[in-house]
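Taken in order, these protein sequences are the chains called A and B. In terms of my numbering, the first sequence has 6 at position 6, counting the first letter as 1, and numbering is strictly consecutive. Whatever position you read off the second sequence (first residue = 1), add 132 for my numbering.
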Amino acid sequence: MTGSASLRAALAVPLLAIALTVGLSAESRAEYADVVLNRNAEKEGMRPVVFPHWFHRIRFRCKVCHAELGFKMRAGSNLVTMGDIIDGRFCGACHNGQIAWAPENCDLCHSGKPGLPPGIFGGHETNGPGIW
Amino acid sequence: MSLRRILTTLAVSLLSSATAWSGEWAKLSEDGVHDPRGPAIGLLQQPGDALSNLPGDGAGNQVHWIKALRSGVIRPRPNIDPAREDRRLDKDIYLDLYGSMPSVRFPHLAHTEWLDCTNCHDQLFLPKRGANGISMFLILQGQQCGVCHGAVAFPLTECSRCHSVRNHIAQRIVAELEAEEARKAAGGGSKEAGSADAPRGAPAKPPKDARGGAR
């Protein structure tokens, strides 16, 4: 009776750890290099933004956004406001209704799950760098 | 009895989650970052629809992005402003010549096909031999090469893509490049950098300062 109880207790911790790991890994099946932007979005009553690198790099080389448009290469280091975008900066250089959809299509970018922290997600081999 | 059931359930869920991760792209509604109840979920392109048509790979997006680019399957724009120069550099740098792993060949060409010089120089790397203290510890922490590799470029599980040249071969190439450099410095021929005198056996055509060897 007590033996089986202590056995159960001894097994509970590693089992819980495994269950958590499995649960978390199943949770983040984001495509490699998906970026969540949520420094302001939810505070302002919008869903977080999901930026898919895979979609954009089919159409643009890294240098377009990271040299020409000025996005720093560290998730969370660019404070992008809707004012910037509407004025043609950052995403707004393309998302202007000419190269890509215009900023009034709010939900197409603000498509993230509520509550997500900002950062880089995804990858079935690694889960991104240790420091953003 | 119940314990056995729990273990079996766990084993099955482990296996099923492992298989779900390989060789397929998650649907946006199931990827854990998109809101499955959001209005965009039926409008956005699914990763599998776009990426399954590109040259395959075993890691990252499961796309070999350099092959996709060079084969012309994708034609990503190099600029928004057409006046902006799309700079390329075809020069290999050999690093980590005496380690326990094979040496690293860093190809500027593959990097400048995607990136601009200013993305790395001089914030991440000084363009000077031995000045950067490159370490796998820092890279694994998301510094240096790890700013991109492990986040957006091929992940750090792909050791042999960087550590790709046997040490004695890399040492020979670097020795030749350094001899070339020394000849130029001694002969005062620094003005003719990039002319016909390409070094033998070196895959790159180094201009005046061939760096390699040190970190």
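Here a beta-carbon is modelled for each residue, glycine too, at the ideal position from N, C-alpha and C.
query: Which same chain residues, not among the five before or five after B/S292, have their C-beta less than 7 Å away from its C-beta?
result: none
- prompt: Can you round the beta-carbon distance between A/L116 and A/P48 to whole angstroms, since I take them to be within the 8 Å contact cut?
  reply: Correct: roughly 5 Å between the Cβ atoms.
- prompt: Which of the three DSSP states, helix, strand or coil, is assigned to B/E162?
  reply: Residue state, collapsed to three classes: helix.
- prompt: When the Cα atoms are used, what is the spatial distance from B/E245 to B/E217?
  reply: Using only the alpha carbons, I get a separation of about 12 Å.
- prompt: Is B/L221 close to chain A, meaning its C-beta is less than 8 Å from at least one C-beta of that chain?
  reply: no
- prompt: Buried or exposed: which applies to B/E162, given that a residue is buried once 16 or more other Cβ atoms fall within 10 Å of its Cβ?
  reply: exposed
query: For A/I120, which beta-bridge partners are listed by DSSP?
result: A/V35
field: Spatially closest choice to B/G190 from B/G174, B/P208 and B/W157, by CA coordinates
entry: B/W157
task: Specify, as a first and last residue, the run of the alpha helix (DSSP H) that B/V306 falls within.
output: N299 to G319
task: Using a Cβ cut-off of 8 Å (strictly closer), state whether A/M82 contacts chain B.
output: no
message: Residues in the same chain with beta-carbon distance under 6 Å from A/W54, minus the five sequence neighbours each way, listed in chain order, please.
response: E31
Within chain B, partners of A/D87 - CB distance below 7 Å: Per Cβ cutoff of 7 Å: no residues; A/D87 is ~15 Å from chain B at best.
A/L79, enclosing alpha helix (DSSP H) - first and last residue: Taken as a continuous stretch (DSSP letters only), A/L79 belongs to no alpha helix (DSSP H), as it is neither H nor E.
query: Are A/F60 and B/P171 close, meaning C-beta to C-beta below 8 Å?
result: The answer is no: Cβ separation not under 8 Å.
- request: Report the option in A/C65, A/R74, A/M73 and A/K72 whose CA atom is closest to the CA atom of A/G88.
  value: A/C65
message: Suppose contacts are defined by Cβ-Cβ distances below 8 Å. Is A/C94 in contact with B/L247 by that definition?
response: No, they are not a contact pair.
message: Against chain B, with Cβ distances strictly below 8 Å, would A/V50 count as a contact?
response: yes
field: Buried or exposed (CB count within 10 angstroms, at least 16 for buried), A/N38
entry: In this structure A/N38 is buried. Its beta-carbon is surrounded by 16 or more other beta-carbon atoms within 10 angstroms.
query: So, is the C-beta of B/H166 closer than 8 Å to a C-beta in chain A?
result: yes
Secondary structure of A/F55, DSSP reduced to three states: helix
message: Using 8 Å as the threshold, is the C-beta distance between B/V195 and B/L176 below it?
response: no
field: Short-range partners of chain A found in the region 262 to 286 of chain B, where Cβ spacing is below 8 Å
entry: L272, Q273, G274, Q275, G278, V279, C280, G282, A283 and V284
Buried or exposed by the 16-neighbour rule on C-beta atoms within 10 Å, applied to A/L79: exposed
- request: If I'm right that B/H281 touches B/V236 with Cβ under 8 Å, what's the distance once you round it to whole angstroms?
  value: B/H281 to B/V236, Cβ: 12 Å. No contact.
- request: Just the chain B side, please: which residues come within less than 7 Å of A/A30 by C-beta, in chain order?
  value: Within chain B, the residues D163, G164 and V165 have their CB atoms less than 7 Å from the CB of A/A30, given in chain order.
field: Cβ-based contacts, 8 Å cut-off: residues of the region 63 to 74 of chain A near chain B
entry: K63, V64, H66, A67, E68, L69, M73 and R74
- request: Please name the residue or residues paired with B/V236 in a DSSP beta bridge.
  value: Its beta-bridge partners are B/L227 and B/H295.
- prompt: Counting pairs of beta carbons, one from the region 65 to 76 of chain A and one from the region 248 to 262 of chain B, are three or more of them closer than 8 Å?
  reply: Yes, the region 65 to 76 of chain A touches the region 248 to 262 of chain B.
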